[in-house]
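Trainee: Each residue of the sequence shown is one higher than the one before, counting from 489 in the working numbering. The C-beta atom is built at its ideal place from N, Cα and C for all residues, glycine as well. Can you keep this structure in mind? I'll have questions shortly.
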Amino acid sequence: MPNLNVRAFGLDFANCFMNASGARCMTEDELHALGESKAGAIVIKSATIEPRTGNPEPRYFENEWGSINSMGLPNPGYKAYCAMISRLKKHRKPVIASIAGFKIEEFVEMTKAFDAAGADAMEINLSCPNVAGKSQACYDLDYSEEVLKRVRASTQKPLTVKLSPYLDIAPRVAMAQALKRARIDGVVLINSIGNALIVDPVAERAVIKPKDGHGGLGGAYIKPVALANVATFYQTLGEEIPIVGVGGIATGTDAFEHILCGARLVQVGSQLQKEGPIVFARVQNELLEQMKQKGYEKLEDVRGKLGMPE
Ligand code: RRO
């Protein structure tokens, strides 16, 4: 039987799957449920300095193609998550803190606190689309590079960065080069496609309420955009900075596609929200079966091996 073991940014993962930050990872109970599942790591909901209740409901909607959300960063604040980390350690898998600051000093403060609290890695979220009046930080390359250099200087622990999708090649290459300059250890691609709109034609209204119905699109809707971002970043980063693929992973085959494009690890968002943590056992079995049928022993045999038509 093949195996799904992964080593990335100095950490060992029993398998390549974990939750996407945001999906079923806000409360301590949800985080323990991920710990008890077959997920290879626990990723915490993006934390802010102060607790937040988030945006007004309805703020999450799903259909057969995926989801739209405008949660608005609901979370109990970083200090509450720091206190949970020692209790999450009993699951014996990496615990990754996701950090969403509104200014550079906030990213630095939270990075230092999660480091001291024992987080195994920190995921710097430069891509939340759902705070009214704030742009997705990663669309400002200079600001992003400044954040990354400052957080890099504040911890020795593994640092990943989560980015929004770029719809052109040049900003993908420019950001990949900035990640190298900032000595970032990993990149999570992609956050939801920001500011999408799903319309209910029967009710003649938007399906979510905040920001005039605009929110982040996830699930099958976004897989081709995610794959393209993973593939372009892999062309620039190669094996130097591991890529965590996320976007439209609901089956082992979806994960296989992300890995072909260059993903070393993968995250599950919309499908985890729909199916619950049991999803991890299913997608792993599906990926193992696919690898077995194709004669692959390990993920390296697949990673980045995307071909082109003759
Ligand atoms: O909380 C949210 O509204 C949210 C966040 Br922080 C994010 O990074 N991505 C997303 O789709 N929703």
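(1) On a Cα-Cα basis, can you pick out the residue from Glu524, Ser555, Tyr548 and Asn563 that is closest to Thr541?
(2) State buried or exposed for Ala641, treating a residue as buried only when at least 16 other CB atoms are found within 10 Å of its CB.
(3) What is the residue span of the alpha helix (DSSP H) that Asp517 lies within?
(4) With DSSP run on the structure shown, which of helix, strand or coil describes Asn557?
(5) Is it the case that the Cβ atoms of Ala670 and Leu636 are separated by a distance below 7 Å?
(6) Do three or more CB pairs link the region 610 to 618 to the region 649 to 665 at distances below 8 Å?
(7) Please determine if the region 784 to 792 and the region 747 to 757 are in contact, where contact requires at least 3 C-beta pairs separated by less than 8 Å.
(8) DSSP state of Tyr784, grouped into three classes?
(9) Tell me Met610's beta-bridge partners as DSSP assigns them.
(10) By the DSSP assignment, the beta strand (DSSP E) with Asn683 in it spans what residues?
(11) Do Leu667 and Asn717 have their beta-carbon atoms positioned less than 7 Å apart in this structure?
(12) So is the beta-carbon of Ser680 under 6 Å away from any non-hydrogen atom of ligand 1?
(13) Alpha carbon to alpha carbon, how far is Ala691 from Ile710?
(14) Residues in the same chain with beta-carbon distance under 8 Å from Cys513, minus the five sequence neighbours each way, listed in chain order, please.
(15) Among residues of its own chain, excluding the 5 on either side of Ser525, which ones have a beta-carbon nearer than 6 Å to its beta-carbon?
(16) Can you name, in chain order, every residue of its own chain whose Cβ lies under 6 Å from the Cβ of Asn679, other than the five neighbours on each side?
(17) Taking the alpha carbon of Ser586 as the reference point, which residue from Pro544, Val596 and Pro659 has its own alpha carbon closest?
(18) Exposed or buried, what is Arg693 when buried is set at 16 or more other beta-carbons lying within 10 Å of its beta-carbon?
(19) Could you give the residue range of the alpha helix (DSSP H) that holds Asp630?
(20) Measure from the alpha carbon of Phe505 to the alpha carbon of each residue in Val756, Ala605, Gln778 and Ala604, then state which is nearest.
(21) Is Cys749 near ligand 1, in the sense that its beta carbon is under 6 Å from a heavy atom of that ligand?
(22) Considering only the beta carbon of each residue, do Ile696 and Arg580 sit closer than 7 Å?
Mentor: Working from what's here:
(1) Asn563
(2) exposed
(3) Glu516 to Glu524
(4) strand
(5) yes
(6) yes
(7) yes
(8) coil
(9) Ala585 and Leu647
(10) Ile681 to Leu685
(11) no
(12) yes
(13) 25 Å
(14) Asn507, Leu519, Leu522, Ile530, Val531, Ile532 and Lys533
(15) Pro765 and Phe768
(16) Ser615, Lys650 and Ser652
(17) Val596
(18) exposed
(19) Leu629 to Arg640
(20) Val756
(21) no
(22) no
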